[in-house]
Amino acid sequence: MTIETVTPKKGLGKKKEGEIYRFQLFMSEKDIKPEDIQRDTGISARTITHSLYEQKPLGNKLLRALHEKYGVSIDW
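Position 28 of the sequence shown, counting from 1, maps to 29 under this note's numbering, and the rest follow consecutively.
Below you can see the structure in the form of structure tokens.
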């Protein structure tokens, strides 16, 4: 896996896609990579990248971990 900053995609409007877009914005603003989230939360980098690039829902476990570690609102 290469180390790179995730650039938010433009034009995402559906609820699931909006969630992914906000997650990409969060990662970009904080300069956080999937490997950093894995280290901090225990959620695998593969799960995170799968959500980002395959447009899969983030899931409760990841959202709770992001809230606990980074203070991200679960209801965002």
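We treat Cβ as the ideally placed atom computed from N, Cα and C, and that holds for glycine.
DSSP state of Gln58, grouped into three classes? Locating residue 58 in the sequence shown gives position 57, where the first residue counts as 1. Gln is not the amino acid found at residue 58; the sequence shown has Pro there. In this structure, Pro58 counts as coil in the three-state DSSP scheme.
Looking at the structure shown, is Lys31 part of a helix, part of a strand, or coil, going by DSSP? Residue mapping note: residue 31 aligns to position 30 of the sequence shown, counting from 1. Lys31 falls in the helix class under three-state DSSP.
Three or more C-beta pairs below 8 Å linking the segment 26 to 36 and the segment 58 to 66: Contact fails: fewer than three Cβ-Cβ distances are below 8 Å.
Between the Cα of Gly72 and those of Gly19, Pro35 and Asp41, spot the shortest distance and give me the residue it belongs to. Working through the sequence shown from its first residue, we reach residue 72 at position 71. Comparing Cα-Cα distances from Gly72 to each of Gly19, Pro35 and Asp41, the minimum goes to Asp41.
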